[in-house]
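Chemist:
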Amino acid sequence: MKSPRQSPEERILGLIERTSTTLPDDVLAALGRAARREGRASRARVVLDTILENVRIASAQGTPLCQDTGTLSFYVSSSLRRKVSPQTIAKAVARATERGLLRQNTIDSVTGRSVASNVCHGAPVVHYVDDWENAVSLLMKGGGSENMSVQFSLPDAALGAGRDMEGVRRCLLAAVHKAQGFGCAPGILGVCVGGDRASAFAEAKRQLFRRLDDENAVPELAKLEKRVLREANSLGIGPMGLGGKTTLLGVKIGALPRVPASFFVTVAYLCWAARRGRIVFR
Amino acid sequence: MKNLVWPFTEKDVRALRAGDAVLVSGPVRTGRDRFHKYFADGGRLPFSLKDGALYHCGPVVVKDARGEWRVVAAGPTTSVRENPYEPALIEKCGVRLVIGKGGMDSATLEACAKCGCVYLQAVGGAAAVAAKSVKRVRSVAFLEEFGAAEAAWEFEMEDFPAVVAMDTHGVSLFEETARVSAARLAAIC
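Protein chains in written order, with our numbering: chain P, 1 to 282; chain L, 283 to 471.
1. Give a yes or no on whether 8 Å exceeds the smallest Cβ distance from residue 233 (chain P) to chain L.
2. Between P:207, P:151, P:52, P:155, which has its C-alpha nearest residue 175 (chain P)'s C-alpha?
3. Which same chain residues end up closer than 7 Å to residue 159 (chain P) when comparing Cβ atoms and leaving out the 5 residues on each side of it in sequence?
4. At 8 Å on the CB atoms, spell out the chain A contacts of residue 304 (chain L), in chain order.
5. Looking only at its own chain, which residues have a Cβ that is under 7 Å from the Cβ of residue 27 (chain P), when we skip the five neighbours before and after it?
6. Go ahead and pull the three-state DSSP assignment for residue 87 (chain P).
7. Give me the Cβ distance between residue 194 (chain P) and residue 139 (chain P), rounded to the nearest whole Å; I'm assuming they're in contact under 8 Å.
8. Ignore the nearest five residues each way along the sequence and tell me which others in residue 387 (chain L)'s own chain have a CB closer than 8 Å to its CB.
9. Check whether chain P comes within 8 Å of residue 327 (chain L), counting only Cβ atoms and requiring the distance to be less than that.
10. When you compare the CB of residue 322 (chain L) with every CB in chain P, is at least one pair closer than 8 Å?
11. Quick one, are the C-beta atoms of residue 305 (chain L) and residue 177 (chain P) less than 8 Å apart?
12. Write down the C-beta distance between residue 417 (chain L) and residue 432 (chain L) rounded to the nearest angstrom, noting that I regard them as a contact closer than 8 Å.
13. Return the residues of the segment 394-409 of chain L that lie within a Cβ-Cβ distance of less than 7 Å from chain P, sorted by chain order.
14. So, using beta-carbon positions, are residue 342 (chain L) and residue 167 (chain P) closer together than 8 Å?
15. Which residues, in chain order, does the segment 108-140 of chain P contribute to contact with chain L at a C-beta distance below 8 Å?
16. Can you tell me where the alpha helix (DSSP H) holding residue 178 (chain P) begins and where it ends?
17. Looking only at DSSP bridge pairs, what is residue 438 (chain L) linked to?
18. Can you give the Cα-Cα distance for residue 207 (chain P) and residue 351 (chain L), rounded to whole angstroms?
19. So that I know if they touch, is there some Cβ in chain L lying closer than 8 Å to that of residue 241 (chain P)?
20. May I ask which residues mark the beginning and end of the alpha helix (DSSP H) holding residue 21 (chain P)?
21. Can you name the residues of chain P whose CB is closer than 8 Å to the CB of residue 470 (chain L)?
22. Three-state secondary structure (DSSP) at residue 114 (chain P)?
23. Below 8 Å between beta carbons: does that hold for residue 41 (chain P) and residue 239 (chain P)?
24. Give, in chain order, every residue of the segment 375-389 of chain L whose Cβ lies closer than 9 Å to some Cβ of chain P.
25. Thinking C-alpha only, which one of P:67, P:70, P:23, P:83 is nearest residue 9 (chain P)?
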């Protein structure tokens with residue numbers, strides 16, 4: 001799979017292609033389990049079977065899983081700063097757009113004009129992160145799911161949510177209920193408890209890189225993840241909001257310190273087309 | 283599975299019930315955020331939607347080597363954003379099928395009952411399945427102004443699978459799910 005002769009730009013193009021056209025194995029397995037839980041002729045089963053068929057077709061053809069190829073967020077090890085520059089990534093994004101691996105998905109917010117190459121100031125999003133893993137990670141997150149992301153400030157009287165883990169639980173279930181099928185359920189919640197308004201959304205999004213089958217190292221959060229997953233799936237919202245047993249595929253919760261005055265609970269909702277990818281440079 | 287073939291008549295549409303699985307064949311016009319706002323602001327449409335299908339979709343389209351449009355991915359986008367505009371569009375343009383995902387509000391449901399229109403839910407994210415149903419691009423409007431993702435593409439579609447989620451009899455599958463899930467949420471919080 002890895003060819004040492006490929007340039008960094010080619011490697012990034014390959015990462016975009018694989019991320020846009022295939023699903024991570026843990027997500028695919030979770031969708032398969034969800035389908036088997038539903039009755040043969042049920043609406044939920046039809047939706048999930050269509051999703052699984054879609055993944056097969058897209059992977060086989062090498063075409064995007066979803067037409068909303070989303071916001072592209074790259075996380076690059078700072079050790080790769082020179083090899084994988086923002087310009088390198090931008091070139092790969094423009095080429096991927098030409099090839100139809102990405103939709104012309106970037107709009108100038110002031111003029112309303114479409115940016116045909118998907119490359120301009122602020123797009124794609126590139127973060128250099130302080131690690132020595134020589135890795136580039138990519139999250140492609142569609143707008144429908146991003147619109148369902150939300151931030152709560154505790155206490156929240158309407159939810160009966162105070163500044164404790166029970167309050168967090170209430171926020172998360174409220175977010176899932178509000179999202180119904182709009183964010184393309186069954187989805188995945190990336191959550192941050194604490195932080196400030198900006199750092200919390202960044203951390204919530206980073207949680208979405210965790211595998212569905214991993215275990216949270218913080219026992220309180222591990223317990224809350226399992227409970228919210230179970231309870232969210234009892235709401236009956238189901239795939240695409242047409243009813244069913246699986247509303248969420250996973251809940252991933254991280255925490256950041258906060259100041260005494262603030263207690264934010266931040267939710268990044270990700271659709272079933274959970275397109276995350278990663279490559280490692282030697 | 284019921285086959286819906288263009289032109290979509292009022293009689294056909296009124297015979298549908300929420301929950302019916304359908305296959306749509308014929309010309310289908312995409313229109314999403316920019317298109318709806320343009321119409322609401324009094325913009326003129328260079329095509330007819332009478333007895334037609336309007337699809338909330340922003341596709342991935344590329345030009346092939348022969349210079350012809352090829353649809354690579356074409357799943358539905360979230361429909362709620364068009365709630366403020368859809369009833370007038372259904373009424374004035376004679377749309378019979380609105381296709382999208384996530385459902386629409388009670389005003390749209392009323393317009394469906396009044397004018398003879400149904401809302402069909404396609405599977406969100408299932409862009410490759412939807413693209414397979416697009417046989418060719420018949421035409422495109424507003425490509426320059428709105429960009430490829432927001433342009434009004436006219437697809438020739440064959441056997442596009444969807445579910446009737448809002449019918450002409452005032453039934454919405456989404457209202458049902460919202461009601462059931464709200465009751466369950468109240469029980470555990």
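Cβ atoms here follow ideal geometry from the backbone N, Cα and C, with glycine treated the same way. Quick caveat, the model's predicted, so the values are computed rather than measured.
Modeler: Result, derived from the coordinates:
1. no
2. P:151
3. 170, 171, 174
4. Looking at the structure shown, chain A is missing, and the protein chains on hand are P and L.
5. 212, 249, 274
6. helix
7. Their Cβ separation, rounded to whole angstroms, is 22 Å, which puts residue 194 (chain P) and residue 139 (chain P) out of contact at 8 Å.
8. 362, 365
9. no
10. no
11. no
12. Going by Cβ atoms, the distance from residue 417 (chain L) to residue 432 (chain L) rounds to 22 Å, so no, they are not a contact pair.
13. 403, 405, 406, 407, 408, 409
14. no
15. 112, 113, 114, 116
16. 165-179
17. L:309, L:418
18. 38 Å
19. yes
20. 8-21
21. 173, 231, 234
22. strand
23. no
24. 383, 384, 385
25. P:83
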